[in-house]
Structure formats: C-alpha cells, structure tokens
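In this note's numbering, the protein residues as written are 1 to 132.
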C-alpha cells in the first residue's frame, strides 16, 4: 500500500452547512483501518497537544475489489461548521494565510497500531449568507 496520496491541498467549507464534498480513493484495501481527520486553527496546528477545533466523522469505508481501492469520505455536520469564523481574503479570492484553518487525514491499522499520515491542507471557511 502506498503511504502517500495526492489529496486536495486546499478546500472550502461553508459556515453552517454540511460538508460531504470529499470522496478520496486510496490504493489497496484499508476498509478495516480507522480514519481520523481534524481541523485546527492555523496558529495552533504545530502546538503539541493543542485540541482540534473539529473532528471529522466518516461513513463506513468502502473497498472496491475491482479497482483495488478504498473510498474514504470525511464529513462535517452543519452544527460543526456553524461556529467556524469565516476566513479573511487578500483579494482575488485568495484566503488570508493568517486566518486560514489546517486539516489533516491519517489512517490507523487496527492490527498493528501503525498510523499513516496521509496528507494535510489549508481550509477556507466561507460565510453563510442564507438564514431561514
């Protein structure tokens, strides 16, 4: 199994909306592994022991034996994204790196306890504009 996957380096989340955009395919059968993903404020992501702002949830991992790949889909509820502060912009749609969030994704082998850090990326949070 490969230990590095080319993931999305920047993603956007809409404040107060459900996030179910990512369908990530990993080589091999990791359907019994435990996925973990967290969202942190940029200014805390290197602090050891700093708590994450949000932990992503995952539906059951799905293995496609014909393609020899496993589907991993990190998700957030509307309640989880509601309290996120929108990202500031530098202009031209570019997020301000000082207000951006950071996320990461890893898989843990339940048999050996081995943890593979797959990737990380920047997250921009767009403000919610529609209120009911």
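For glycine and all other residues, C-beta sits at the position ideal for the given N, C-alpha and C.
Predicted model only: the values in this text are computed from it and were never measured.
Around the C-beta of residue 100, 16 or more other C-beta atoms lie within 10 Å, and the residue is accordingly described as buried. By the beta-carbon neighbour count (other beta carbons within 10 angstroms, threshold 16), residue 32 is exposed. Contact between residue 15 and residue 126 is confirmed by a C-beta separation of about 7 Å, below the 8 Å threshold. Taking 8 Å as the upper bound for CB-CB distance, residue 105 and residue 86 are not in contact here, some 23 Å apart.
Membership of residue 124 in any alpha helix (DSSP H) is not indicated; the residue belongs instead to the beta strand (DSSP E) covering 115 to 126. In the DSSP assignment, residue 26 forms a beta bridge with 70.
Taken through DSSP and simplified to helix, strand or coil, residue 34 comes out as strand. Beyond the five residues adjoining it in sequence on each side, residue 122 comes within less than 6 Å, by CB distance, of 10 and 100 in the same chain, given in chain order. Inter-residue distance for residue 108 and residue 88 is about 34 Å (C-alpha atoms, whole angstroms).
Residue environment: residue 70 is assigned as buried (16 or more neighbouring CB atoms within 10 Å of its CB, all protein chains considered). Distance from residue 18 to residue 76 at the Cβ level is roughly 7 Å; contact confirmed, criterion being Cβ atoms closer than 8 Å. Bounds of any alpha helix (DSSP H) do not take in residue 20, whose DSSP letter is neither H nor E.
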